[in-house]
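Visitor: First the structure, then my questions, so here it is.
Number of protein chains: 2
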Amino acid sequence: MGAKARLDHARAVRVRAVRALTLSAHRVVFTPSGKRGEFADGTSLLAAARELGVDLDSVCGGRGICGRCQIDIAEGDFAKHALLSSAGHVTPWGEVESRYADKRGALPPGRRLGCQARICGDLVIDVPPESQVHRQVVRKRAETHPIEIDPVVRLYYVEVGEPDMHEPASDLRRLQQALIEQWGLAETNVDLATLATLQKTLRAGQWKVTAALRKGRDIVAIMPGFAERAYGVAIDVGSTTIAAHLTDLASGEVVAAVGAMNPQIRFGEDLMSRVSYVMMNPGGEKELTRAVREAMDGLIGEAARDAGVSRGEIMEVTMVGNPIMHHLVLGLDPTELGGAPFALTIDGAYEARGRELGLDIAPGAFVYALPCIAGHVGADAAGVVLAEAPQLREELTLLVDVGTNAEIVFGNRERLLACSSPTGPAFEGAQISCGQRAAPGAIERVRIDRATLEPRFKVIGCDLWSDEPGFAAATETTGVTGVCGSGIIEAIAEMFLSRIVSEDGVIDGGLAVRTKRVEQVGRTFAYVLREGQPRLLVYQTDVRAIQLAKAALYAGAKLLMERAGAAPERVTLAGAFGSHIDPLYAMTLGLIPDCDLAKVASAGNAAGTGARIALLNLAARAEIESVVRGIEKIETAIEPAFQRHFVAAMAFPNKEDAFPNLAKRVELPARKEPSGEGGRRRRRAAAPGPS
Amino acid sequence: MGAKARLDHARAVRVRAVRALTLSAHRVVFTPSGKRGEFADGTSLLAAARELGVDLDSVCGGRGICGRCQIDIAEGDFAKHALLSSAGHVTPWGEVESRYADKRGALPPGRRLGCQARICGDLVIDVPPESQVHRQVVRKRAETHPIEIDPVVRLYYVEVGEPDMHEPASDLRRLQQALIEQWGLAETNVDLATLATLQKTLRAGQWKVTAALRKGRDIVAIMPGFAERAYGVAIDVGSTTIAAHLTDLASGEVVAAVGAMNPQIRFGEDLMSRVSYVMMNPGGEKELTRAVREAMDGLIGEAARDAGVSRGEIMEVTMVGNPIMHHLVLGLDPTELGGAPFALTIDGAYEARGRELGLDIAPGAFVYALPCIAGHVGADAAGVVLAEAPQLREELTLLVDVGTNAEIVFGNRERLLACSSPTGPAFEGAQISCGQRAAPGAIERVRIDRATLEPRFKVIGCDLWSDEPGFAAATETTGVTGVCGSGIIEAIAEMFLSRIVSEDGVIDGGLAVRTKRVEQVGRTFAYVLREGQPRLLVYQTDVRAIQLAKAALYAGAKLLMERAGAAPERVTLAGAFGSHIDPLYAMTLGLIPDCDLAKVASAGNAAGTGARIALLNLAARAEIESVVRGIEKIETAIEPAFQRHFVAAMAFPNKEDAFPNLAKRVELPARKEPSGEGGRRRRRAAAPGPS
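Chains as they are written, first to last, in this note's numbering: chain G, 1 to 691; chain A, 1001 to 1691.
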């Protein structure tokens, strides 16, 4: 025999030997994983799946109660998998399945309970998405990754031994024994609050209970009998509003979304005034903590009521927020965050029991607070990073979350940098004479006719433009009350594009002779956005306020770009402001650097999305913790370049500035010599415009 | 060269090579460990000790602040260790040591700070006991093992980096970094309550703090600057009284011992009436829990005041108690313990934060509850086992902790068995007509003249016998108010030895003709222990109550002996009752089985001692947890043999019974035919007397 023939012979012998060993074994392939193996006659498909590590769910442990292990006998795929027909290759529909179908509704054709159907021939088995523990939740925006479910809390139905005076093990020991024997969970522990419910629950369930285990270790709830509902809440604690998403931990479905004003507002409108309150009132941080925790607990209750979920079914909470909110929720005095060196008490992720934070949820449930990045770049920014995942992309992404501070992250898979910029509250409509919060009646869109300089606008709550018929009637109830953040951005950008405002931000008084829309107010001029009640004007001071805010934002981004030696290929605007602003106008004002406008997107409440990802996916927590540790933190307060960038960014982009993408879309003015009010001095000191 | 010569040569070469390598190294021997090594010139003795694993304490980490690493330059031992004189072999007394001596007092001659004295020649170093972390605490009773200190909480002085805006790590991260770099403690974590103190403490200590770490992992307290005091409290929660020992965790010294009545008494005198209260009043367990926790916290406060210790310096608490007390302290409903099958909620050891139990101690401090053995054999019995350590002995030990239930443990290093017996409260003076609690004025010792049948007695608070001159005057303030538990035991035992009471427990009415001390009361007779105000009589019902109690106790012990197939070689009586009872009388009544009376001892509050051992020694916790798991639990309620032993044990031991040790000491009556009140029936049904 030649070498090849010898090899072939050896292989044939081996194949025959394996066949002989597995004479009564059947081949089974699971899709979509492609995992395959040979199993003895009579093995349940759930047992086979477990042995192969196929992702097939089960809460009841194979008792035909939960229906989570449903599988399809995939007849259509046999050719592909080179197996024979499945007729008679699985045990027939049985009594347990009939009982299940009677109680919970008929199964689709070809579908079986994996724990009941037993192998008696070669099979191809398809695990539908809803039977997979690690199923994917697709997100609305096409460019974002789906959320893979990797549950932090899972339910385990167990049958616990009854007390026996001959073997006086405690109820807990017998529960733990059942978890070992029925689920292989050997290292479980329980907190006092959950433990206090154990005896009554065991007896109410007649020694059958469902235990909720966190990370397979902490028993956070015990429910009588078979239970299959486990929820979590992702909470985004903003300085102004708090948003909560009640989510099914198994399916990832948001079953209720609620929001409320942050009641801390009574202690101060913005963050710094709240920190001042604490500084002036010793122990005041406890009041602020109590207020925000009560609001969180109230939202949880509201969401639970909306969705018909009991508080005891809420088994995990995740929380994001800026550093001051994050610290106050955890009961940590934020005083140090009120001044340099802005030392956080804690920056890493933190886990505390919900009841420690005054949350009335499952007795042992935890709250997971995402990590903070730096003294001004909080767990909210970490949430944005988790949601947008710049660390997974090749493209350089600029993430901007605009609030009282803008939190800015820049980079890609190789390197991430972060900083915050003190934009102040102008973008939120504060410090703007006609500004107001985004609410029905607020102007949110503005267009100015380049020739006549006449404006038209849209208000929140009405789809008509102000110059369209029926606008007055449509806005009769709300009225036109003021201008919200995105409205003021558009107003000033349109004023700039209409040459009412110069690139230095000066309202051109010379136009007053041409149009009544420009009028003198003291020594400066204003633009009349709306006549009537109330009369809405954009004053020179308003333009200045927006200039300061946008310059701060741009300077922060510029600092990171300079440090990275690169420009962004994508820009993502996060937060409430970011989701309402039109990217074109943001770029026209120079809030954000030039970029292909098709690559500028709004991410909505990305911080909240990050909290929801952390709620559903345990691995995502480890990921964001590691990513945050690796982020290069830049403190703008001590970077000399920041001041330089800030001053340079006060002007609006002109034709000569490096905004090629912007210039394709709008007609930018050519550079002109600055006029009036110190513009000259500023331009001389600075680099030539935002670049 | 022959083989031996070759070997010798090789050895000589190796020795020369090592010498050459360590040319500037010096040999150092540490006593008492005998550990030795060679160290480079200039190595500090603390560093050398650490490298060798020598047990040398340090809190400040070698900064010459704590003085815990004091060592003796042991000149006297050189000959023994074959080293040269130490003159000049250690660096001279230095500045840091002078500063230490100025501040904290001079060191004894020859003593140095191990962190400051550096090696510059061969040395013998003695580590005195007070410089060892694992020093031993000798206990009062000679036969008990000393407690080795193996601290659960240790202090670590660290110098923490200041906040740096260029590297914005949080205060916690920098503290943890310091613990890694300065102490090698890599896996530390912190609870919210302790974390909330971090920023102020770091600043108050100017970035120097002392962290208290539990098991080298949980930061339970942070103190500004250098701190060296760490205390713990061992608490024994009895149904009647609660005792607390405030203990220095480093030295093991008890700095304050306090006790109080258990305020739960207002909900019921004995355990079962408290469980009934909970059953009758839903939520009543919360009241009982609150009451006992408040009492514990009050005692901690009292002990702290007594010893001049602050509550924040109390960093660990250990707790023992019977199962019902144990569960109530943990906030667990004891209802299930009120009836068969007596299911504990939890039997294993449990750790909870002190603040969860309402204890105002160091913010992150833990309470360690010792494990329960069975539904009636609690953490108090586990404490007794830990204190008496039968599992370490060859001799078979019978441990009896008498309360409303007697908790009984029997065995040796090979096997331990445990049960509880429902003795009822008779031994505590309850259900006895003249009974009272042990208090001044209570009769505690009784003797009866065998011929005249006249009694004499002693009362608590007076050293004189009642027939001695001055007794009336000495007891004028207290009076003679009743008979406590040990008094009633002695009274009945003396009545038996004086033949006033038969072996069946019947008061011999025939004696009424001989002495006024025996008088008829209805259809039975009584013995007049004291004339006067109050008149104190031992009634037939009192004898019966004691018989029932002692029979239960004996039957429990007998059950274990029978199961083990052996008799005890030692008997140890634990608890308040056990420490006041005279072993001779206990045996005379047949409370305990026959045993060499020299081997019958009282252990005092052994349960409390067990709590103190668990407080000081971490390994002891693992030990008792493992021992308790291995104990064979016998439930007397379902053991048919128990009833048999119980009936048989109703009689008092007679000459023919197997009490040879007892018979050597007292003149026991010979067996006689039982008389009256069903005695005959009982004796027939039963085995022949206690044996």
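Glycine included, C-beta positions come from ideal geometry on N, C-alpha and C.
#1: Just the chain G side, please: which residues come within less than 8 Å of residue 1633 of chain A by C-beta, in chain order?
#2: Give the interface partners of residue 345 of chain G over in chain A, defined as CB-CB distance under 7 Å, in chain order.
#3: Just to confirm my understanding: we take residue 1271 of chain A, look at its own chain, exclude 5 residues before and 5 after, and list those with CB closer than 6 Å. What are they?
#4: Taking C-beta pairs closer than 9 Å, name the residues in chain A that residue 341 of chain G reaches, listed in chain order.
#5: Okay, do the stretch 1060-1068 of chain A and the stretch 1214-1223 of chain A touch, 3+ Cβ pairs below 8 Å being the bar?
#6: Three-state secondary structure (DSSP) at residue 1659 of chain A?
#7: Under the rule that 16 or more other beta-carbon atoms within 10 Å means buried, what is residue 1517 of chain A, buried or exposed?
#8: For residue 1173 of chain A, is the classification buried or exposed, using 16 other Cβ atoms within 10 angstroms of its Cβ as the cut-off for buried?
#9: Using a beta-carbon distance below 9 Å, is residue 1052 of chain A in contact with chain G?
#10: In whole angstroms, give me the CA-to-CA distance for residue 1669 of chain A and residue 1658 of chain A.
#11: Does the beta-carbon distance from residue 368 of chain G to residue 1192 of chain A come in below 9 Å?
#12: Could you check how far apart the C-beta atoms of residue 1171 of chain A and residue 343 of chain G are, in whole angstroms? I think they sit under 8 Å.
#13: Can you tell me whether residue 671 of chain G is helix, strand or coil according to DSSP?
#14: Return the residue from the list A/1470, A/1631, A/1277 that minimises the CA-CA distance to residue 1334 of chain A.
#15: Reducing DSSP to helix, strand and coil, say where residue 1352 of chain A ends up.
#16: Does DSSP put residue 1624 of chain A in a helix, in a strand, or in coil?
#17: Going straight from the alpha carbon of residue 552 of chain G to that of residue 1197 of chain A, what length do you get?
#18: Determine the DSSP secondary structure at residue 371 of chain G, reduced to helix, strand or coil.
#19: Please name the residues in the stretch 352-374 of chain G whose beta-carbon is closer than 7 Å to at least one beta-carbon of chain A, in chain order.
#20: Count the other CB atoms, across all protein chains shown, that sit within 10 Å of the CB of residue 469 of chain G; report buried if there are 16 or more and exposed otherwise.
#21: Determine which residues share a DSSP beta bridge with residue 736 of chain G and list them.
#22: Kindly indicate which three-state DSSP category residue 575 of chain G falls into: helix, strand or coil?
#23: Considering only their Cβ atoms, is the gap separating residue 1628 of chain A from residue 1443 of chain A smaller than 9 Å?
#24: Once the 5 residues before and after residue 116 of chain G are set aside, which same chain residues still bring their CB inside 6 Å of it?
#25: So which residues of chain A does residue 45 of chain G contact, with C-beta pairs closer than 7 Å?
#26: May I ask you to report which of helix, strand or coil DSSP gives residue 1123 of chain A?
#27: Over what stretch of residues does the beta strand (DSSP E) that includes residue 36 of chain G continue unbroken?
#28: Is the beta carbon of residue 634 of chain G sitting closer than 9 Å to the one on residue 418 of chain G?
#29: Can residue 57 of chain G be considered in contact with the ligand SAH, in the sense that its beta carbon sits closer than 8 Å to one or more heavy atoms?
#30: When you check each C-beta in the stretch 533-544 of chain G against every C-beta of chain A, which residues fall closer than 9 Å?
#31: Using a Cβ-Cβ cutoff of less than 8 Å, which residues in the same chain neighbour residue 1392 of chain A once the five nearest sequence positions on both sides are dropped?
#32: Using a C-beta cutoff of 9 Å, does residue 348 of chain G count as contacting chain A?
#33: Do residue 1475 of chain A and residue 1484 of chain A have their CB atoms nearer than 9 Å?
#34: Determine the burial state of residue 280 of chain G: buried for a count of at least 16 other Cβ atoms within 10 Å of its Cβ, exposed for fewer.
#35: Specify the secondary structure class of residue 313 of chain G as computed by DSSP and reduced to three states.
#36: If we ignore side chains and look at the alpha-carbon of each, how far apart do residue 1316 of chain A and residue 1233 of chain A end up?
Guide: According to the structure data:
#1: 167, 168
#2: Those within 7 Å of residue 345 of chain G in chain A are 1170, 1171, 1172, 1195, 1198, 1199.
#3: 1239, 1324, 1404
#4: Residues of chain A whose Cβ lies closer than 9 Å to the Cβ of residue 341 of chain G are, in chain order, 1162, 1163, 1164, 1165, 1168.
#5: no
#6: coil
#7: Buried, because 16 or more other Cβ atoms sit within 10 Å of the Cβ of residue 1517 of chain A.
#8: So residue 1173 of chain A counts as buried.
#9: Not one chain G Cβ lies under 9 Å of residue 1052 of chain A.
#10: 13 Å
#11: The answer is no: Cβ separation not under 9 Å.
#12: 5 Å
#13: coil
#14: A/1277
#15: strand
#16: Of the three classes helix, strand and coil, the one that applies to residue 1624 of chain A here is helix, per DSSP.
#17: 35 Å
#18: Here residue 371 of chain G sits in coil by DSSP.
#19: 352, 356, 374
#20: exposed
#21: Outside the displayed span of chain G (1 to 691) sits residue 736 of chain G, for which this structure offers no information.
#22: Residue 575 of chain G: helix per DSSP, three-state reduction.
#23: no
#24: 64, 94, 96, 97
#25: Those do not exist, as residue 45 of chain G stays about 38 Å from chain A at its closest Cβ, beyond 7 Å.
#26: Looking at residue 1123 of chain A - three-state DSSP - the assignment turns out to be strand.
#27: 36-40
#28: Residue 634 of chain G is a Cβ neighbour of residue 418 of chain G, given a cutoff of 9 Å.
#29: With respect to the ligand SAH, the structure shown offers nothing to examine, as it has no ligands at all.
#30: none
#31: 1145, 1413
#32: Taking Cβ atoms only, chain A reaches closer than 9 Å to residue 348 of chain G, which makes this a yes.
#33: No. Outside cutoff.
#34: exposed
#35: helix
#36: 7 Å
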